[in-house]
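Take a look at the structure below.
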Amino acid sequence: MQLPEFEYLRPKTLAEGLAALAEHGPDATIMSGGSDLLINMKFRLDTPKYLVSFNAVQEMKAIEPQADGGLSLGAGCTLTQLAESEVLAEKYPALHQALFSVGSKHVRNAATLGGNICLDTRCWYTNQSENWRETRDGCFKTDNELCHVIKSADKCHAINSSDSAPVLIVLDASVTLASVNGTRDVPVSEFYNNDGVDHTVMRQGEILVGVTLPPPKGRSVYAKLAQRDGLDFASGTFAAGIVGSNEKPESVCLVMGSVGPEPKVLADSAAIIKASGLNEESIETAALAARASLGEVTNLFTPSGYKRRLVKALVKDALGELRDLQV
Amino acid sequence: MAKQIITLTVNGDEHEIAVAPYQTLLEVLRDDLALTGTKRGCTAGSCGVCTVNGEKGEAVLSCCALAVEWDGRSLTTVEGVQEGNDLHPVQQKFLEYGAVQCGFCTPGLIMSAKALLDVNTSPSEKDINEAMAGAICRCTGHIKVKIAIREAAKVLREREGGVADGQA
Chain A
1 MQLPEFEYLR PKTLAEGLAA LAEHGPDATI MSGGSDLLIN MKFRLDTPKY
51 LVSFNAVQEM KAIEPQADGG LSLGAGCTLT QLAESEVLAE KYPALHQALF
101 SVGSKHVRNA ATLGGNICLD TRCWYTNQSE NWRETRDGCF KTDNELCHVI
151 KSADKCHAIN SSDSAPVLIV LDASVTLASV NGTRDVPVSE FYNNDGVDHT
201 VMRQGEILVG VTLPPPKGRS VYAKLAQRDG LDFASGTFAA GIVGSNEKPE
251 SVCLVMGSVG PEPKVLADSA AIIKASGLNE ESIETAALAA RASLGEVTNL
301 FTPSGYKRRL VKALVKDALG ELRDLQV
Chain B
328 MAKQIITLTV NGDEHEIAVA PYQTLLEVLR DDLALTGTKR GCTAGSCGVC
378 TVNGEKGEAV LSCCALAVEW DGRSLTTVEG VQEGNDLHPV QQKFLEYGAV
428 QCGFCTPGLI MSAKALLDVN TSPSEKDINE AMAGAICRCT GHIKVKIAIR
478 EAAKVLRERE GGVADGQA
C-alpha cells in the first residue's frame, strides 16, 4: 500500500506548528510517530492535504518531575523513551506497564504518548483497505449515516483502543491542549466522547502537548488482554486504583478500555469495593457488576459474548492483583 | 507535489535523494537506492520484515516512516550488517542454526535481533521475546531464531572481553 499525496510541514517550534494548524484548519492533520496515522492514510481513512509533523518540536519531548511530587510528560515522548524512564516506572508503575504493552518494540520506538491518547477509534468494518470497504456501503466513520456493527445505531461505535487512557483516568491525570488561542487543561476523564467519529473534546486547531500526573496516591494496576501479547490492539484493558486499605478504602476508581468509543468508568463496581472493601467476595460481585454495566457491547473484533466474559475475568484477576499489591 | 532533497546516510554512505513527502523510507531504500535487502511485507506495521536500524541501533519500521523525516539522519540496513568479508554473529548463527526457511522475513529478523544485541548481550528469554514480537516469521516458527540469537549473544559477550557466562 502506498500513501496518498500530501504537503508535508515540519514546524520547529510549537508556536510555528500551532500557526500551521490554524492556517490550514480542517485540511491539516497532526502527525507525531505516525505508527497508526500513516497506516490509516494508506487505508485512505485519512487523506489530509497538509500533514503537520511535530517530530522536530523538542519542547514536547520532556519528562519533568513537578514540585508537588507529580510528573509532567511531553506528548512527543516516544513510548520507548517512557518505558525506559525510571521515574515513571517507580512512581506510576501501572501507567508504565500500560505504555510498555503498546504494540511491539518496533512500534514503541516510533509511537508517542500524545498519539496513544488521541489514537483514532477502530472498527472491523472500517479499518480495512479501500477496496475492502468499497464492497459495502459507507458508515458514520466514512461517508454515510449507518453503522454496520449495530444496525439501529444513531452514532459510530468504533472502539477506543488507547492503552494509556484507562490508567490515566485512574491516576487522575489531565492533558494540556494548545492552540493559537492559548492552552487549556482537561482531565482525561472528560477528554473522550462516547462517539467513534468525534471521540475527543479536542477542537480544530488544537494539539495535545502534554500530560500532567498528580502525585501518586494509593495503589494501581493495569491489565490487558490481546490476541497476541506482542503486537495486537487490546481485546480489553482494565485499570484499577485504590486509596486506603483493602478493608476501608477511601476511594476506588475502576476503568475499562477497548469496549467502546470511550473508556468506561465502572462506577457500580467501584461503589461495591468502596462499601465492602477489597476481598474475595466483593471482587466477585464487582466483576459481575462490571459485566452487567457494559450495556450495549459492540461485537467488534471479538464476539460480544466473549467480550462480556473477558470483562468479568479481567476485572476479577486485576482486582485480585490489586488486593495483594504492597505499596 | 514538490520533491525535496534529503541527505540520508545508509550503511555509512551518504546519499542526496529527491523524495516526495509521501514516500516511505522503505520505498526510498528499495526503489531509489536499490537496497532491496529490506523487504516489503504488510506495509502496515504488523510484520516487521521492513525493519532497519536507526542512529542508536533501534528497530525502525521503514514502511511506517516518512523518508523526509529522515533528512540528515543515518541508518543501517541488512546490507550494512556484515563486518568486512565476515558475517555478523547474528547472521552467522542464523545460518548455522537453520533459523531461515523461505528467507523473506530474515532481514527483518536479523535487524530486530541486532537492535536487541547492540544494547544487551545477555538477553533473557523475555528480552528476546519482547524484541522480536514485532518481527514475524510465517513459515518456520521462532524456536531456531531464538536459539540463533542466544548463540550470537554468546559470541558478542566473548568479544566484549569476558568469557561467556553460561547464561545463554
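Those sequence lines, one after another, are chains A and B. Note that the numbering used here gives residue 97 to position 97 of the first sequence, counting from 1, and the numbers run on in steps of one. Count along the second sequence from 1, then add 327; that gives the number in the numbering used here. We put the beta carbon where it would ideally sit given N, CA and C, even for glycine.
(Q) Looking at the strands, I want to know which residues DSSP matches up with E280/A. (A) Working through the first sequence from its first residue, we reach residue 280/A at position 280. DSSP lists no bridge partner for E280/A.
Fill in: Beta bridge counterpart(s) of Y50/A as assigned by DSSP
Locating residue 50/A in the first sequence gives position 50, counting from the first residue. DSSP lists E7/A and A28/A as partners of Y50/A.
Next on the checklist: Quick check: the Cα distance between S245/A and G182/A, rounded to an integer number of angstroms?
Outcome noted: Locating residue 245/A in the first sequence gives position 245, counting from the first residue. Locating residue 182/A in the first sequence gives position 182, counting from the first residue. The C-alpha of S245/A lies about 41 Å from the C-alpha of G182/A.
Going along chain A, which residues have a C-beta under 8 Å from T378/B? For this step, residue 378/B is matched to residue 51 along the second sequence. Counting only Cβ-Cβ distances below 8 Å, T378/B has contacts in chain A at H106, in chain order.
| task | Indicate whether at least one CB of chain A lies closer than 8 Å to the CB of T448/B. | result | Position 121 of the second sequence, counting from 1, holds the residue named residue 448/B. Taking 8 Å as the CB threshold, T448/B stays off the interface with chain A.
Chain B within 8 Å of G74/A, Cβ atoms only: To locate residue 74/A, count along the first sequence from 1; it is residue 74. The C-beta of G74/A comes no closer than 8 Å to any C-beta of chain B.
Please return the same chain residues whose Cβ sits closer than 8 Å to the Cβ of G368/B, not counting the five positions on each side in sequence. One-based indexing of the second sequence puts residue 368/B at position 41. For G368/B, the CB contacts under 8 Å within the same chain, skipping 5 residues up- and downstream, are C374, G375, V376, C377, C390, F431, C432 and G435 in chain order.
Using CA coordinates, which residue listed in G69/A, F233/A, T176/A and V311/A is at the minimum distance from P214/A?
Within the first sequence, residue 214/A is the residue found at index 214, counting from 1. Looking at the Cα atoms, G69/A is the closest of the given residues.
- Cβ-based neighbour list, K264/A, same chain, cut-off 6 Å, excluding 5 preceding and 5 following: By one-based count along the first sequence, residue 264/A stands at place 264. Within the same chain, and ignoring the five residues on either side of K264/A in sequence, the residues whose Cβ sits closer than 6 Å to its Cβ are M256.
Please classify V311/A: is it buried, with 16 or more other beta-carbons within 10 angstroms of its beta-carbon, or exposed?
Within the first sequence, numbered from 1, the residue matching residue 311/A stands at position 311. With 16 or more Cβ atoms within 10 Å of its Cβ, V311/A is classed as buried.
**Request:** Using a Cβ cut-off of 8 Å (strictly closer), state whether G114/A contacts chain B.
**Result:** Position 114 of the first sequence holds residue 114/A. No, because no Cβ of chain B sits closer than 8 Å to the Cβ of G114/A.
Item checked: Classification of C429/B by the beta-carbon crowding that lies within 10 angstroms, buried from 16 upward -> Position 102 of the second sequence holds residue 429/B. C429/B is classed as exposed because its beta carbon has fewer than 16 other beta carbons within 10 Å across all chains shown.
Margin query: Please list, in chain order, the chain A residues whose beta carbon lies closer than 7 Å to that of E457/B.
Written below: Counting from 1 along the second sequence, the entry for residue 457/B is found at position 130. Listed along chain A are K105, each with a C-beta nearer than 7 Å to that of E457/B.
| said: Strictly under 8 Å for the Cβ-Cβ distance: is L361/B near chain A by that measure? | reply: Reading the second sequence from its first residue, position 34 is the one you call residue 361/B. Per the sequence presented here, residue 361/B reads as Ala, with Leu not at that position. No, A361/B does not count as interfacial toward chain A.
Decide yes or no for the touch test of the region 97-113 of chain A against the region 32-47 of chain A: beta carbon pairs closer than 8 Å, at least 3 of them. The region 97-113 of chain A vs the region 32-47 of chain A: in contact.
* Asked: By Cβ distance, which residues of its chain are closer than 6 Å to L71/A, with the 5 residues on each side in sequence left out?
  -> As a position in the first sequence, residue 71/A is number 71, starting the count at 1. These residues qualify, in order along the chain: P65 and L213.
*Relative to the alpha-carbon of E5/A, which residue among S451/B, V387/B and L393/B has its alpha-carbon at the smallest distance?*
The residue given as residue 5/A occupies position 5 in the first sequence. Closest option to E5/A, judged by alpha-carbon separation, among S451/B, V387/B and L393/B: L393/B.
**OP:** Spell out whether any CB of chain B is found under 8 Å from the CB atom of L14/A.
**Re:** Position 14 of the first sequence, counted from the first residue, corresponds to residue 14/A. In terms of beta-carbon proximity, L14/A stays away from the interface with chain B, with every pair separated by 8 Å or more.
Exercise for review: Would you identify the three-state DSSP class for M256/A, choosing helix, strand or coil?
Suggested key: Start at 1 with the first residue of the first sequence, and residue 256/A comes out as number 256. DSSP places M256/A in the strand class (E or B) of the three-state scheme.
(message) Please confirm whether Y125/A has its beta-carbon closer than 8 Å to some beta-carbon of chain B.
(response) As a working note, residue 125/A is residue 125 in the first sequence. With its beta carbon at least 8 Å from every one in chain B, Y125/A lies outside the interface.
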